[in-house]
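**Student:** Below you'll find the structure I mean.
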Amino acid sequence: MHKIEKEKLKNPPRVVGRLAASIIISGAISLIPIMLASYFMVNYLNLPLYVLIGLTPLYYVMTKWIFNLVILMVVRAQLKPVEEGLHPVDMRNKTVRNWLINASLTNAAIYFMGKPPFGQTLFNTFVYKRLKAKMGPGATADKISDPYLVEMGTSAVAGANSFIIPHISDRDNLYLKKIKLGDGAVVGVNSVVFPGVEIGEGAVVGAFSYVPRDTKIPPYTFWAGVPAKQISPKTSK
Numbered sequence: 276m277h278k279i280e281k282e283k284l285k286n287p288p289r290v291v292g293r294l295a296a297s298i299i300i301s302g303a304i305s306l307i308p309i310m311l312a313s314y315f316m317v318n319y320l321n322l323p324l325y326v327l328i329g330l331t332p333l334y335y336v337m338t339k340w341i342f343n344l345v346i347l348m349v350v351r352a353q354l355k356p357v358e359e360g361l362h363p364v365d366m367r368n369k370t371v372r373n374w375l376i377n378a379s380l381t382n383a384a385i386y387f388m389g390k391p392p393f394g395q396t397l398f399n400t401f402v403y404k405r406l407k408a409k410m411g412p413g414a415t416a417d418k419i420s421d422p423y424l425v426e427m428g429t430s431a432v433a434g435a436n437s438f439i440i441p442h443i444s445d446r447d448n449l450y451l452k453k454i455k456l457g458d459g460a461v462v463g464v465n466s467v468v469f470p471g472v473e474i475g476e477g478a479v480v481g482a483f484s485y486v487p488r489d490t491k492i493p494p495y496t497f498w499a500g501v502p503a504k505q506i507s508p509k510t511s512k
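Going by my numbering, the sequence shown opens with residue 276, and the numbers climb by one from there.
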């Protein structure tokens, strides 16, 4: 075994510490514009106390959205490259470490965006694009894990409670691969799509379906079931 490999075995990377530091730093940077806005309103506008109290709801919305937008930018800047394929779950593996960091940061960003009326549910496409998902005009999705490994064409739709998951992991292995939806492709409600799936232009996956990893769905076909299988033959547009 090479000397470098021995050193790695003796001193495995401290992934948990890096994850915690990334999240704490992101939160701290995100608080700066909120603190500046607070200082400006109190010290320069010289508004009476009762006016400030009356503006509390507006102030809350403003500060929350500043925080949300900053955390998205900070997380995007920290996302690390990952290599597609099958990887042993080993903290010395760069892709595994990077994926863990990315997963923690993207989940934190989506969590901070919150729920309606102020949260990400109404702005999924905006949020996922900030997290490096490639989504064409009119594309929308409900739940995406690892947005940076998802590509959706023009007007592609993943319906309510559907889950796009570009990773599979267990005790021993981590499998990562991009998921691609062509123009006008549709994933029905409550369906799950796993790594490596490619759904062709105009193809439809029925509701409550499970699409196994690396499945290739031809354009303009209808698939459904657990696991999903082709129901109708290829048709014209």
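Glycine included, C-beta positions come from ideal geometry on N, C-alpha and C.
Measuring CB to CB, does Y450 end up less than 7 Å from P422?
**Tutor:** For the purposes of this step, residue 450 is identified with residue 175 of the sequence shown, where counting begins at 1. For the purposes of this step, residue 422 is identified with residue 147 of the sequence shown, where counting begins at 1. Not in contact: Y450 and P422 (Cβ atoms no closer than 7 Å).
**Student:** Count the other CB atoms, across all protein chains shown, that sit within 10 Å of the CB of T381; report buried if there are 16 or more and exposed otherwise.
**Tutor:** One-based indexing of the sequence shown puts residue 381 at position 106. Classification for T381: buried.
**Student:** Is it buried or exposed for S437, if we count other Cβ within 10 angstroms and need 16 for buried?
**Tutor:** Here residue 437 refers to the residue found at position 162 of the sequence shown. With 16 or more Cβ atoms within 10 Å of its Cβ, S437 is classed as buried.
**Student:** How many whole angstroms separate the CB atoms of D489 and V472, which I take to be in contact at a CB cut-off of 8 Å?
**Tutor:** To locate residue 489, count along the sequence shown from 1; it is residue 214. To locate residue 472, count along the sequence shown from 1; it is residue 197. Right, their Cβ atoms sit about 7 Å apart.
**Student:** Distance check for I376 and M410, CA to CA, integer angstroms please.
**Tutor:** Translated into positions along the sequence shown, residue 410 becomes position 135. Translated into positions along the sequence shown, residue 376 becomes position 101. Near 23 Å, if we compare the C-alpha coordinates of I376 and M410.
**Student:** Please go through the same chain and pick out, in chain order, the residues whose beta-carbon is closer than 6 Å to the beta-carbon of A383, but skip the five residues on each side of it.
**Tutor:** As a working note, residue 383 is residue 108 in the sequence shown. Excluding sequence neighbours, A383 sits near I298.
**Student:** Starting from T381 and walking both ways along the alpha helix (DSSP H), at which residues does that stretch end?
**Tutor:** What you label residue 381 is simply residue 106 of the sequence shown in a count that begins at 1. From DSSP, the alpha helix (DSSP H) with T381 extends over K369 to M388.
**Student:** Rounded to a whole number of angstroms, what is the C-alpha to C-alpha distance between Q505 and W498?
**Tutor:** As a position in the sequence shown, residue 505 is number 230, starting the count at 1. As a position in the sequence shown, residue 498 is number 223, starting the count at 1. The straight-line gap from Cα to Cα measures roughly 4 Å.
**Student:** Using alpha carbons as the reference points, say which of N318, A460, I440 and G302 lies closest to A431.
**Tutor:** Numbered from 1 along the sequence shown, position 156 holds the residue referred to as residue 431. A460 is the residue among N318, A460, I440 and G302 whose C-alpha sits nearest the C-alpha of A431.
**Student:** Which word fits F401, buried or exposed, when buried means at least 16 other C-beta atoms lie within 10 angstroms of its C-beta?
**Tutor:** The residue you call residue 401 lines up with position 126 of the sequence shown. Exposed, because fewer than 16 other Cβ atoms sit within 10 Å of the Cβ of F401.
**Student:** Please name the residue in L333, A482, A378 and F342 whose C-alpha comes closest to that of Q353.
**Tutor:** Against the sequence shown, residue 353 aligns to sequence position 78. Per the Cα distances, A378.
**Student:** Mark F387 as exposed unless 16 or more other C-beta atoms lie within 10 angstroms of its C-beta, in which case mark it buried.
**Tutor:** Translated into positions along the sequence shown, residue 387 becomes position 112. Under this definition F387 is a buried residue.
**Student:** Only counting runs of 4 or more residues, tell me where the alpha helix (DSSP H) segments fall wholly within the segment 291-340, in order along the chain.
**Tutor:** 324-329
**Student:** Where does I440 fall in DSSP's three states?
**Tutor:** Taking the first residue of the sequence shown as position 1, residue 440 is located at position 165. Three-state result, I440: coil.
**Student:** Which residues in the same chain as I279 place their Cβ atom closer than 6 Å to its Cβ, once the five residues preceding and following it in sequence are excluded?
**Tutor:** As a position in the sequence shown, residue 279 is number 4, starting the count at 1. Confidence at I279 is low in this model, with a pLDDT of 41, below 50, so its placement is unreliable and the value that follows should be read with caution. If we look at I279 and ignore the five residues flanking it on each side, it has no Cβ neighbours.
**Student:** Under 7 Å, do V357 and T370 count as touching if we go by C-beta distance?
**Tutor:** Here residue 357 corresponds to residue number 82 of the sequence shown, with the count starting at 1. Here residue 370 corresponds to residue number 95 of the sequence shown, with the count starting at 1. In this structure, T370 lies closer than 7 Å to V357 by Cβ.
**Student:** Who are the Cβ neighbours of N343 in its own chain at under 7 Å, not counting the five residues just before and after it?
**Tutor:** Along the sequence shown, one-based indexing puts residue 343 at 68. The residues are F387 and M388.
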